[in-house]
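**Q** So that we are looking at the same thing, I have put the structure below in structure tokens.
And the structure:
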């Protein structure tokens, strides 16, 4: 893994390479910094391919995050500290992916739509967690989930 700053992308091929790194969780901090500094000519053809690749990449990362969360929760075995860690880890990933969609290179209208995809996924997951926590009669799980919302970013 290369721990050096990455040149901001300008052409689609550079963006594609960078998005592959993002998908593979290679050097997230430098990848995000390069993405936020990158530019792209938003023209027909390029814009559609770029948007599809960006959305597919972020969706893949969200799916990985959901899988990791499920495993973390299974391992937590009711232990409050481990449950909180799992929730915070998922929130951190959603926040990171939101930033990955909120790129200055993308026109404002499109950027708003892309960010909404991440926000909606986080909101849906939070609602689902709150619903499933109702099964716990003690109310402890519901309290933990309310106090460590994954959509609070």
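In the working numbering, the protein residues as written are 2 to 154. Heads up, the beta-carbon is just placed ideally off N, CA and C, and yes, glycines get one too.
Is it the case that the Cβ atoms of residue 210 and residue 74 are separated by a distance below 8 Å?
**A** Residue 210 is absent from the structure shown; the chain starts at 2 and stops at 154.
**Q** Do the CB positions of residue 63 and residue 98 come within less than 8 Å of each other?
**A** Yes, these two residues count as a Cβ contact at 8 Å.
**Q** What are the boundary residues of the alpha helix (DSSP H) that residue 57 is part of?
**A** From DSSP, the alpha helix (DSSP H) with residue 57 extends over 47-77.
**Q** When DSSP labels each residue in this structure, what does residue 148 get in the three-state scheme?
**A** Helix.
**Q** Do you know offhand how far residue 85's Cα is from residue 149's?
**A** Cα to Cα, residue 85 sits roughly 7 Å from residue 149.
**Q** Give me the Cβ distance between residue 54 and residue 20, rounded to the nearest whole Å; I'm assuming they're in contact under 8 Å.
**A** About 5 Å; that satisfies the 8 Å criterion.
**Q** Between the Cα of residue 122 and the Cα atoms of 141, 154, 52 and 26, which residue gives the shortest distance?
**A** Nearest of 141, 154, 52 and 26 to residue 122, Cα basis: 154.
**Q** With burial defined as no fewer than 16 other Cβ atoms inside 10 Å of the residue's Cβ, what is the status of residue 49: buried or exposed?
**A** Flag for residue 49 reads exposed.
**Q** Note down, in chain order, each residue of its chain lying with its Cβ closer than 8 Å to the Cβ of residue 35, except the 5 sequence neighbours on either side.
**A** For residue 35, where only same-chain residues beyond five positions count, the Cβ hits under 8 Å are 6, 7, 8, 9, 10 and 19.
**Q** Label residue 109 either buried or exposed according to how many other C-beta atoms from any shown protein chain fall within 10 Å of its C-beta, with 16 as the threshold for buried.
**A** Residue 109 is exposed by the Cβ-count criterion.
**Q** Here's the rule: buried if 16 or more other CB atoms are within 10 angstroms of the residue's CB, otherwise exposed. What is residue 127?
**A** The residue is buried, with at least 16 neighbouring Cβ atoms inside 10 Å.
**Q** Helix, strand or coil: which one does DSSP assign to residue 86?
**A** Looking at residue 86 - three-state DSSP - the assignment turns out to be helix.
**Q** Applying the criterion that 16 or more other CB atoms from any shown protein chain within 10 Å of the CB defines a buried residue, is residue 1 buried or exposed?
**A** Nothing in the structure corresponds to residue 1, since the chain is present only between 2 and 154.
**Q** State the Cα-Cα distance for the pair residue 15 and residue 72, rounded to the nearest angstrom.
**A** Their backbone Cα atoms lie some 34 Å apart in a straight line.
**Q** Would residue 39 be called buried (16 or more neighbouring beta carbons within 10 Å of its own) or exposed?
**A** So residue 39 counts as buried.
**Q** Which same chain residues, not among the five before or five after residue 106, have their C-beta less than 7 Å away from its C-beta?
**A** Correct list, in chain order: 39, 40 and 41.
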